[in-house]
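Numbering (our numbering), first residue to last: 3 to 179.
Glycine included, every Cβ here is placed at the ideal spot set by N, Cα and C.
Just below is one structure, and these are the notes that go with it.
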């Protein structure tokens with residue numbers, strides 16, 4: 003493990019999940035209520051392949067990063083469009099358990115666990131320019147997603163409000179579980 007390898011893998015994950023993030027954001031923003039099942043299925047299928055295998059702990063924890071990128075993009079788009087039915091559907095997507103004794107859990111629970119695991123390692127402070135951030139993942143995703151979501155959804159100055167509101171809803175949903 004090295005900082006260079008970490009940043010390289012981070013960038014590879016972002017490239018791999020770019021199309022899914024864009025589609026998730028557009029569906030969350032403009033999709034009809036009957037399309038929410040498709041959005042849930044996309045998240046559920048991506049999570050199907052995230053079972054524990056051998057390897058370095060940091061790489062095992064990072065396997066959730068592409069899901070986090072798509073999740074943030076979709077949820078920020080839903081909040082900006084005031085599509086709280088979509089936000090709720092994404093949060094409540096059933097996924098295989100990440101660490102809850104094999105029981106099913108929701109996407110919001112699985113990602114909260116993944117963020118907690120990543121935050122304990124301080125590896126996210128290795129992202130260039132985020133060494134001194136108190137919440138490096140949040141700060142990084144804020145800057146990373148802004149131009150992408152603005153290009154897709156023309157969010158402009160409303161982006162920061164939508165991002166911050168989403169993170170409050172995310173925290174409340176985690177606290178409620």
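Candidates the options, of which the one nearest residue i by Cα
| i | options | result |
| --- | --- | --- |
| residue 166 | 144, 50 and 85 | 144 |
| residue 141 | 107, 116, 123 and 162 | 162 |
| residue 75 | 65, 159, 178 and 29 | 29 |
| residue 31 | 48, 96, 170 and 154 | 154 |
| residue 22 | 158, 178, 159 and 151 | 151 |
Cutoff 6 Å; reference residue i; Cβ partners in own chain excluding five residues on either side
| i | result |
| --- | --- |
| residue 102 | Legend: pLDDT at residue 102 = 49, less than 50; position of this residue unreliable, no value from coordinates given. |
C-beta atoms of residue i and residue j nearer than 9 Å
| i | j | result |
| --- | --- | --- |
| residue 9 | residue 138 | no |
| residue 45 | residue 69 | yes |
| residue 168 | residue 71 | no |
| residue 24 | residue 63 | no |
Contacting residues, own chain, Cβ-Cβ under 8 Å from residue i (five flanking each side not counted)
| i | result |
| --- | --- |
| residue 175 | 93 and 110 |
7 Å CB neighbourhood of residue i in its chain, flanking five on each side removed
| i | result |
| --- | --- |
| residue 11 | 64 |
| residue 164 | 78, 81, 82 and 157 |
| residue 178 | none |
Which parts of the stretch 27-95 are runs of the beta strand (DSSP E), unbroken and 3 residues or longer, counting only runs that do not cross its ends? none
Hey, which unbroken runs of the alpha helix (DSSP H) at 4 residues or more fall wholly within the stretch 125-170? 138-155
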